[in-house]
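Residues -18 to 440 in the numbering used here are what the sequence shown spells out, letter by letter.
Where a beta carbon is used, it is the ideal one built from N, C-alpha and C, also for glycine.
Scroll down for the structure; my scribbles are underneath it.
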Amino acid sequence: MSSARVADRARITEIEGEIAEIGGEIESVSERLAHLRLSVQTLRSEEANIRERLSSYDDPASILPAEIVSEIFVHVLPAYPICPPLAGKYSPTQLTHICRQWREIAMSTPLLWRAIRIPFLHDESRASDLVFFVETWLCRSGSCPLSIDIKEPIGLERTFLEGVIGAIVPHPMRWQYLSLSLSESGWCDELLELIQPVPMPLLYEMKLRFDGSGWDPETMPPSLPTAFREAPGLRSMTLENFTFPSIGFPWWQLTSLGLEGIVLSDCTKVLRQTVNLVHCKLSPDGDESSIDSQPQPDTRLPRLESLELVQYIYGDELPLVEYLGTFNVPALLRLKLEVSEYEFDRHRAFHSLSAFIAKTGCNLQELRIISPSDCPSRQLANYRTELAYIPRVFYNDISLDEECETSSSDSEDEVWDETSDESSENRNFRKLLLSVSADGGAAPPESSIHVGGCWTVAA
């Protein structure tokens, strides 16, 4: 019995040792497993970072700073002060439909919303949407100067007109570029009445177009003569289809002026007050008798550098070359002139131009002539010779220098074609001899004779 007891106790001791050994191995394996699990977690975290970085490589725009994206957005739109459409292509609204990030950037960039066009509407159901668009854009533009282009929505509900006026009127202090297309319905009368007491210190350019039979003293809003008196920065103005009474625009401030559809006598009255003009475009209305029957005294514009005289698209053809003779513009550098068919056919245009330049003493650098008549190349070459003292001359947007070179080349080809019996080798030899002579080289020797279509040297 005692020996069996001793054996059992010994076995228990062995088992306990084995259990302890296995427990140590289990503990070691557990530590290894925990280490492996930590390694897996670290690798998965690194994998996630790499995947995120890879996704940014696929969309470079997403890693650009918001300031850069905002600047890109500004350059996507038409150059200020041109007004983009309220929706669709080239509209800042389109930029808000790309993604959430771009939407936030676009809506927080005031420069995107500073040019607002209020279009002519035919659909009354869209009127309320348009008012909402205008109010939203004005809000997003912050304190930026504004460019506003208004086409009067004829025939819409009065509430819509009041909504548009209500959205625009609070901001004349920010107006920089203003374009109004007015009609006889009178809604812009109210707009002018409301803005009249308010200064417009930033207003730089204004365009007024009257869509009707003509704006005469009877239909002119009574507030118009003084509506823009408080605009000390106004420098550019374009007026179309007006009949002028004694309108009190600040003409003396202007450096750029456009008059379209206005009779010549009224154009002259205005020009006499614009002594600081640098650029001028005239498309006068009327008939030929307005020039012939009333001798025009010279209109002196001492600072004028650019003058454009073209026919009014909705009026009769006028002898503008004759009207040009009434200008005294000693500083003129660029002239664009539309010649009537009568003046061109009688060859009066170019001679009158020469007399005009001689009278004014201007140093004209560029002349652009527009004419409904085609002109033969040789005649254009003669005109170019007559106006050789002008560096750049264009006829219907074609450079006379290029046209004359082409004409000269064609003339030479005609000379060679007249001797078609000649061999091509001899023809080329003749051209070579003439070119050498023209370059100051030696002409064919006196002993050379032309025998059988070839140059030979006499013995």
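| Query | Result |
| --- | --- |
| Proline 353: which of Gln360, Gly342 and Asn377 sits nearest, CA to CA? | Asn377 |
| Please name the residue in Asp297, Arg349 and Arg359 whose C-alpha comes closest to that of glutamate 319. | Arg349 |
| Taking the beta carbon of proline 46 as the centre, do at least 16 other beta carbons fall within 10 Å, making it buried, or is it exposed? | exposed |
| Run through DSSP, which three-state label would glutamate -1 get? | helix |
| Near tyrosine 61, what residues of its chain come up, given a Cβ to Cβ distance below 6 Å and the 5 sequence neighbours on each side ignored? | Ala96 |
| Consult DSSP for cysteine 261 and reduce its assignment to one of helix, strand or coil. | strand |
| Could you check if leucine 111 is buried or exposed, using at least 16 other CB atoms within 10 Å of its CB as the buried criterion? | buried |
| By Cβ distance, which residues of its chain are closer than 8 Å to valine 57, with the 5 residues on each side in sequence left out? | Tyr71 and Leu76 |
| Any idea what DSSP makes of tyrosine 304, helix, strand or coil? | helix |
| Among Gln157, Trp83, Leu215 and Ile243, which one has its Cα closest to the Cα of valine 291? | Ile243 |
| Between the alpha carbons of glutamate -5 and asparagine 30, how many angstroms are there, rounded? | 53 Å |
| Judging by CA-CA distance, which residue of Val50, Ile131, Val302 and Arg81 is the nearest neighbour of leucine 93? | Val50 |
| If you draw a straight line from the alpha carbon of leucine 184 to that of leucine 215, how long is it in whole angstroms? | 5 Å |
| Mind reading off the beta-carbon distance from threonine 236 to arginine 253? Whole number of angstroms is fine, and I expect it under 8 Å. | The pair is not a contact, with the Cβ atoms about 16 Å apart (cut-off 8 Å). |
| Count the other C-beta atoms from every protein chain shown that fall within 10 angstroms of the C-beta of alanine 488, then say buried if there are 16 or more, exposed otherwise. | Since the first residue shown for the chain is -18 and the last is 440, residue 488 is missing from the structure and cannot be characterised. |
| Between lysine 262 and the rest of its own chain, which residues show a CB-CB distance below 7 Å, the 5 nearest in sequence each way excluded? | Gly239 and Glu289 |
| Less than 8 Å between the CB atoms is what I'm expecting for valine 145 and isoleucine 99, so what's the real figure, rounded? | 6 Å |
| Output the distance between the C-alpha atoms of tyrosine 293 and serine 43, rounded to the nearest integer angstrom. | 52 Å |
| State yes or no: is the C-beta of valine 259 within less than 8 Å of the C-beta of glutamate 286? | yes |
| Hey, quick one: how far does the beta strand (DSSP E) through glutamate 464 stretch, first residue to last? | No answer is possible for residue 464: it lies beyond the span of the chain, which begins at -18 and ends at 440. |
| Are the beta-carbon atoms belonging to serine 122 and proline 91 less than 8 Å from one another? | yes |
| Check whether the Cβ atoms of leucine 245 and glycine 267 lie closer than 8 Å to each other. | yes |
| In this structure, does DSSP put glutamine 254 in helix, strand or coil? | coil |
| At the level of alpha carbons, what is the spacing between isoleucine 351 and isoleucine 379? | 10 Å |
| If I'm right that phenylalanine 449 touches tyrosine 364 with Cβ under 8 Å, what's the distance once you round it to whole angstroms? | The requested residue 449 is not part of the displayed model; the chain covers only -18 to 440. |
| Please give me, in chain order, every unbroken run of the beta strand (DSSP E) with length at least 3 that falls completely inside the region 31 to 104. | 96 to 99 |
| If you compare alpha carbons, which of Ser333, Glu322, Thr341 and Tyr295 is closest to leucine 282? | Thr341 |
| Would DSSP call serine 352 helix, strand or coil? | coil |
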